[in-house]
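There are 2 protein chains.
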Amino acid sequence: MNIENTQVQMRKGILEYCILHIISRGEVYASDMLEELTSAKIMVVEGTLYPLLTRLRKAGLVDYKWVESSSGPPRKYYTITESGRGFLMELSATWDELVSSTQQIISLNQNGNTSS
Amino acid sequence: MNIENTQVQMRKGILEYCILHIISRGEVYASDMLEELTSAKIMVVEGTLYPLLTRLRKAGLVDYKWVESSSGPPRKYYTITESGRGFLMELSATWDELVSSTQQIISLNQNGNTSS
DNA sequence: CTTAGTACTTGGCCATACATAGTACCTTTT
DNA sequence: AAAAGGTACTATGTATGGCCAAGTACTAAG
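So the protein sequences, as listed, match chains A and B.
Once you know that position 62 of the first sequence is 62 in the working numbering, the rest is easy, because the numbers rise by one and skip nothing.
Once you know that position 114 of the second sequence is 1114 in the working numbering, the rest is easy, because the numbers rise by one and skip nothing.
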């Protein structure tokens, strides 16, 4: 019951949302995503990202194409599918609802009234 | 990859935060918590709540005492410990950070600029 | 050819939420 | 008093997703 573990648990399902959102904004490959997530202070490692991308693809939410790189092996550039956009909207609603629900709980004080 | 499953995943770790917060506000027993969580639209079932309470107790974050009930078997009334208050503050910081990070990701549009 | 760097893959581990079934105690009914 | 029903808590097994760690494959530089 340490805080590191809780951080891991809390991000479950949210990574999926964030990554699908990043892909929805334009073609990116894994390192682009890692960079953006890191800059938002969401620490993600390859072993998390790649399996997630595979899941998204198998579910038909994203697609990819190989693109040659001038320095190194070719890269998988991901794009979102129509089905993916629909799912992203559902994820968005789910996230908003979760934030709203949590806010409702933690905004109550000892007397059960809302306060600041 | 259905939305119901994602809802389950998204709440992982957050239940712990919500429940510890509820307990921090005063003595409650399981049914009180279920009622409050349900009213905040966080659907939780006994099979989730009781093991979580046991985990919290084993970690020394909460304590409980048996209280006789006028109708039915005695109840475990939970209270937060000092150690629990410390952990709650950490959870709070973790949650705030996660919300902030997610907000940063999803507030970006196609051009990579912030917009509404 | 060897070394280093980049990109992607895979297998196993762990913690949490949940479904389900079960135990124990109390009150009410007959 | 025995049976029936409700309340509170417990225990077991499953599925999922994040993560570690090791591994593969391709390219460029020495």
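Quick reminder that beta carbons are idealized off the backbone N, C-alpha and C, glycines included.
No experiment lies behind these values; they were computed from the predicted model shown.
Own chain residues within Cβ distance below 8 Å of residue i, not counting five before or after
{"i": "ARG11 of chain A", "result": "ILE42"}
{"i": "GLY1084 of chain B", "result": "LEU1020, ILE1023, SER1024, LEU1056, GLY1060, LEU1061, VAL1062"}
{"i": "GLU1027 of chain B", "result": "TYR1077, TYR1078, THR1079"}
{"i": "TRP1095 of chain B", "result": "ILE1014, TYR1017"}
{"i": "THR1081 of chain B", "result": "GLY1060, LEU1061, VAL1062, ASP1063"}
{"i": "LEU1052 of chain B", "result": "LEU1015, GLU1016, ILE1019"}
{"i": "GLY112 of chain A", "result": "Confidence at GLY112 of chain A is low in this model, with a pLDDT of 48, below 50, so its placement is unreliable and the value that follows should be read with caution. Hits under 8 Å: none found."}
Coil, strand or helix - residue i by DSSP
{"i": "THR1079 of chain B", "result": "strand"}
{"i": "VAL99 of chain A", "result": "helix"}
{"i": "LYS65 of chain A", "result": "strand"}
{"i": "VAL1028 of chain B", "result": "strand"}
{"i": "LEU108 of chain A", "result": "strand"}
{"i": "SER1116 of chain B", "result": "No answer about SER1116 of chain B holds up, because its pLDDT of 44 lies below 50 and its placement is not dependable."}
{"i": "ALA93 of chain A", "result": "helix"}
{"i": "PRO1074 of chain B", "result": "coil"}
{"i": "GLY60 of chain A", "result": "coil"}
9 Å Cβ cut-off: residues of chain A touching residue i
{"i": "VAL1089 of chain B", "result": "The amino acid occupying residue 1089 of chain B in the given sequence is Met; Val does not appear at that position. What MET1089 of chain B touches in chain A: nothing, since even the nearest Cβ is about 10 Å away."}
{"i": "THR1038 of chain B", "result": "Residues of chain A passing the Cβ test: none, with the nearest at roughly 10 Å."}
Residues that residue i contacts on chain B, provided the C-beta gap is smaller than 7 Å
{"i": "ILE42 of chain A", "result": "SER1101"}
{"i": "LEU108 of chain A", "result": "ARG1025"}
Neighbouring residues, chain B, relative to residue i (Cβ below 8 Å)
{"i": "ILE105 of chain A", "result": "CYS1018, HIS1021, ILE1022, GLU1036, LEU1037, ALA1040, ILE1042"}
{"i": "GLU97 of chain A", "result": "LYS1041"}
Chain-ordered chain A contacts of residue i [CB-CB under 7 Å]
{"i": "THR1079 of chain B", "result": "Chain A residues near THR1079 of chain B: none, gap ~12 Å exceeds 7 Å."}
Cross-chain neighbours of residue i in chain B, by beta carbon under 9 Å
{"i": "LEU49 of chain A", "result": "Those within 9 Å of LEU49 of chain A in chain B number zero; the least Cβ separation is about 14 Å."}
Residues of its chain near residue i, where Cβ-Cβ distance is below 6 Å and the 5 sequence neighbours each way are ignored
{"i": "ARG146 of chain A", "result": "Outside the shown range of chain A (1 to 116) lies residue 146 of chain A, about which nothing can therefore be said."}
{"i": "LEU1098 of chain B", "result": "none"}
{"i": "PHE1087 of chain B", "result": "LEU1061"}
7 Å CB neighbourhood of residue i in its chain, flanking five on each side removed
{"i": "SER115 of chain A", "result": "In this prediction, SER115 of chain A has a pLDDT of 48, which is less than 50 and means its spatial position is unreliable; nothing more can be read from the coordinates."}
{"i": "CYS1018 of chain B", "result": "LEU1037, ILE1042"}
{"i": "VAL1044 of chain B", "result": "LEU1015, LEU1034, LEU1037"}
{"i": "LEU126 of chain A", "result": "Outside the displayed range of chain A (1 to 116) lies residue 126 of chain A, so it cannot be described from this structure."}
key: Contact residues within the stretch 22 to 36 of chain A, judged by C-beta distance below 9 Å to chain B   = Residues ILE22, SER24, ARG25, GLY26, GLU36.
query: Just by C-beta distance, which residues in the stretch 3 to 16 of chain A are closer than 9 Å to chain B?
result: Cβ contacts with chain B come from ILE3, ASN5, THR6, GLN7, VAL8, GLN9, MET10, ARG11, LYS12, GLY13, ILE14, GLU16.
According to a CB-to-CB cut-off of less than 9 Å, which residues of the stretch 1051 to 1068 of chain B neighbour chain A? The residues in question are ARG1055, LEU1056, LYS1058, ALA1059, GLY1060, LEU1061.
Which residue spans inside the stretch 2 to 48 of chain A form an unbroken alpha helix (DSSP H) run of at least 4?
-> List check, alpha helix (DSSP H) in window: 3 to 10, 14 to 24, 30 to 39.
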